[in-house]
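Trainee:
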Amino acid sequence: MTETLLCPRNLAFELYEVLDAEALTRRERFADHSRETFDAAIGTARSIAEKYFAPHNRKSDEHEPVYQNGEAVLIPEVKPAVDAFIEAGFHNAQRSFDDGGMQLPNLLSRACFAHFQSANIATSSYPMLSMGASHLIETFGSEEQKRRFLQPMLEGRFFGTMALTEPHAGSSLSDIRTRAEPAGDGSYRLKGNKIFISGGDHPLSENIVHMVLAKLPDAPPGVKGISLFIVPKFLVNDDGSLGERNDVLLAGLFHKMGWRGTTSTALNFGDNGNCVGYLVGEPHKGLAYMFQMMNEARIGVGMGAIMLGYAGYLYSLNYARERPQGRLPDGKDPASTQVPIIEHTDVKRMLLTQKAYVEGAFDLGLYSARLVDDEHTAESEEARRSAAELLDLLTPIVKSWPSEFCLKANELAIQILGGHGYTREYPVEQYYRDNRLNPIHEGTHGIQSLDLLGRKLMQNKGAGLRQLIGLIQDCCQRAAEYDSLGALRQPLEQHVARLTSVTQALLGDLMAGKVNQALANSALYLKVFGHAVIGWRWLEQALRAERGLAEGNPADADFYRGKLQAARYFLTWEVPACAHELALLEARDDTCLGMQDAWF
């Protein structure tokens, strides 16, 4: 069978050979699960994704939502897909059995959701946002807020959004102008405008619960003056029934190059002076609360980028196997049979590059999901803390590295299809357009790189960084036991040693107050740091592949050899190529920093 979503053998390799998902069943929370229940959940996800999500992926792209009479109108296929997702329980996959959930590990929940992202990134965004919003209320909301808003969200009757961006401020949240005035009855009245709000209006649920950042009258300046509010589309009565329409208006829809099936909205709060909102948690701590949803969304965006890259890779791989064209360079007889283009070395290069990018990123995305499980269910407090520190450090990489390099994989998929790749008759051009949004979703590369270099590395006195370096060194030591992995291990060791030196120097600049100089080329730093992380994850995969060749089923030999070849490509082609960026960082190159406005 031709695979279109993701390779089941690769998923099983990741879950059971690399990340040891079965070990999670030895923890009390997951003791009722087994590999059989995990595989059953994955099978259900694949079935629903193939039956309900994939068939309208192209249609939702060609017939994007429209603005009619103040509402967003979607194609009819979206709601049955989302309903099937909810009815199967995937929106509560991680919640306890007692709360109506599947009580799945986060690792398995992410693996299941990956199928929906691959099948239809636009439709899958609606439940993704809602799951993040419900988790936010569950963590920081009052008991009354949980009763009134969270419970219907868990039942799938209410959906959620995050409303941060404003027209004048963009990513600079310290400059938001949306205001919230106390109403005297415990509620607030909000007034302001938000833009690019994904899922901000749709007919998929009874209600939409907006998580809105705004400032109170006594708010201190900057990000320390931001509060978080629940603002429902419809007010909710004490008995749980829907009340009147809140003063939240859909001002219009944005028409993007990708994710066209997801409504991207402009919302006006309080045009009529009666937008009711409810403060979440304490005043002026809203951004800290919202970071929970933002970080979840960043990992979700990273996984979405991975799955779009994966879908393009699988499609171009199948195409290359089936498309006859030309002959090999030593084939001089024009009457001889044409060869499938997968036999041409440059096509192999493009396929191998895609495989290295998407399967390396896929491993990292699932590894990060495993860290979430360790953060919450590891046996010792120290293990839980270590997992949280490492996850915090890796989050900018999980979001941004796939958003850049899985997009490059989509470019190569288009190239492999030749002229057909640029036409709408084939899906790879849509995968590219959809993926092109991810470098800006949930923070640009520049913002993520500033977060990594300017904040995450030094967080908790560098505990996450020390842990990461230790894990890479341990992996290299284990790889040293295999002569066959020497050529893969050594480039990674050299790269990490040089990266460590560069990191220490840049952090020294920051501590010395040379902030602009240290952060000037942070985007380059994000790339070389990300390559170190992906290189490590490929070396881990190579170790498991060597073990599989020695101990596994002979029928899997080609699979394991493919893993080793992709690891070889990334570690001997991609990682050493970072030497140029490292040299620029070492030299504190000021080409970009020194450029003046008048010189453009």
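For what it's worth, numbering that gives the first Met the number 0 labels the leading residue of the sequence shown as 0, then goes sequentially.
Just so you know, even glycine gets a beta-carbon here, dropped at the ideal spot from N, CA and C.
This structure is a prediction, so every number in the text was calculated from the model and none was measured.
#1: Could you pull out every residue in the same chain whose Cβ sits closer than 7 Å to the Cβ of Ala92, ignoring the five residues on either side in sequence?
#2: When you compare each of Asp200, Ala310, Glu573 to Thr665 by their alpha carbons, which one comes out closest?
#3: Given Asp60, which residues of its chain have a CB within under 6 Å of its CB, disregarding the five upstream and five downstream residues?
#4: Please report the straight-line C-alpha distance between Leu538 and Glu545, rounded to a whole angstrom.
#5: Measure the beta-carbon distance from Met256 to Arg432 and round it to whole angstroms, keeping in mind my assumption that it falls under 8 Å.
#6: Can you give the Cα-Cα distance for Ser367 and Gly325, rounded to whole angstroms?
#7: When burial is assigned at 16 or more other CB atoms within 10 Å of the CB, is Leu327 buried or exposed?
#8: Taking a contact to mean a Cβ-Cβ separation below 8 Å, would you say Gly159 touches Ser129 in this structure?
#9: Who are the Cβ neighbours of Ala319 in its own chain at under 8 Å, not counting the five residues just before and after it?
#10: Considering only DSSP beta bridges, list what Ile229 is partnered with.
#11: CA-CA distance, Ala576 and Ala355?
#12: By Cβ distance, which residues of its chain are closer than 6 Å to Ala80, with the 5 residues on each side in sequence left out?
#13: Would the stretch 129 to 140 count as touching the stretch 148 to 165 if we require 3 or more Cβ pairs under 8 Å?
#14: How big is the Cα-Cα spacing for Asp601 and Asp217?
#15: Closest by CA to Pro401, which one among Ser385, Thr443, Gly420?
#16: Excluding the five sequence neighbours on either side, which residues of its own chain have a C-beta within less than 8 Å of the C-beta of Thr177, listed in chain order?
#17: For Leu23 and Arg465, what's the separation of their Cα atoms in angstroms?
#18: Take every Cβ of the stretch 440 to 458, pair it with every Cβ of the stretch 382 to 401, and state whether three or more of those distances are shorter than 8 Å.
#19: Between Phe558 and the rest of its own chain, which residues show a CB-CB distance below 6 Å, the 5 nearest in sequence each way excluded?
#20: Grab the span of the beta strand (DSSP E) containing Thr264 for me, first residue to last.
#21: Report the partner residues of Lys193 according to the DSSP bridge assignment.
#22: With a threshold of 6 Å on Cβ separation, who are the neighbours of Ala162 within its own chain once the five nearest residues in sequence on each side are excluded?
#23: Grab me the residues of Leu583's own chain with a C-beta within less than 8 Å of its C-beta, minus the 5 sequence neighbours each way, in chain order.
#24: Applying the 10 Å Cβ sphere with the 16-neighbour rule, what's the burial state of Val230?
#25: Expressed to the nearest angstrom, what Euclidean distance is found between the alpha-carbon atoms of Leu73 and Leu203?
#26: Would the stretch 433 to 441 count as touching the stretch 289 to 300 if we require 3 or more Cβ pairs under 8 Å?
#27: Would the C-beta of Leu313 count as close to the ligand HEM, meaning under 7 Å from any of its heavy atoms?
#28: Could you check whether Val17 and Asp362 sit closer than 8 Å to each other, using their CB atoms as the reference points?
#29: What residues in its chain sit with their C-beta under 7 Å from that of Gln447, if we drop five residues either side in the sequence?
#30: If you draw a straight line from the C-alpha of Phe228 to the C-alpha of Val235, how long is it?
#31: Provide the residue span of the alpha helix (DSSP H) that contains Gln607, from first to last.
#32: Assuming Leu592 contacts Asn515 (C-beta within less than 8 Å), just tell me the rounded distance between them.
#33: Pull up the distance between the alpha-carbon of Pro54 and that of Arg384, whole angstroms please.
Mentor: Put simply:
#1: So the qualifying residues of the chain are Gly100, Met101, Leu103, Ser108, Cys111.
#2: Outside the displayed span of the chain (0 to 599) sits residue 665, for which this structure offers no information.
#3: Arg259, Gln429
#4: Leu538 and Glu545: Cα-Cα distance of roughly 10 Å.
#5: 5 Å
#6: 43 Å
#7: exposed
#8: yes
#9: Pro339, Ile340, Ile341, Val346, Leu350, Ile415
#10: Met210, Tyr277
#11: 15 Å
#12: Tyr51, Phe52, Thr122
#13: Judged by Cβ distances under 8 Å, the stretch 129 to 140 makes contact with the stretch 148 to 165, as three or more pairs qualify.
#14: The requested residue 601 does not occur in the structure, where the chain is confined to residues 0 to 599.
#15: Thr443
#16: Glu165, Leu189, Lys190, Gly191, Asn192, Lys193, Val211, Leu212, Ala213, Lys214, Phe268
#17: 25 Å
#18: With a cut-off of 8 Å on Cβ pairs, the stretch 440 to 458 is in contact with the stretch 382 to 401, counting three or more such pairs.
#19: Arg8
#20: Taken as a continuous stretch (DSSP letters only), the beta strand (DSSP E) holding Thr264 covers 263 to 268.
#21: Leu266
#22: Hits under 6 Å: Lys193, Ile196, His209, Val211.
#23: Asn520, Leu523
#24: buried
#25: C-alpha separation (whole angstroms): 9 Å.
#26: yes
#27: The ligand HEM is not part of the structure shown, which contains no ligands of any sort.
#28: yes
#29: Pro395, Lys398, Ser399, Leu525
#30: 15 Å
#31: This structure cannot speak to residue 607, because the chain is shown only from 0 to 599.
#32: 7 Å
#33: 43 Å
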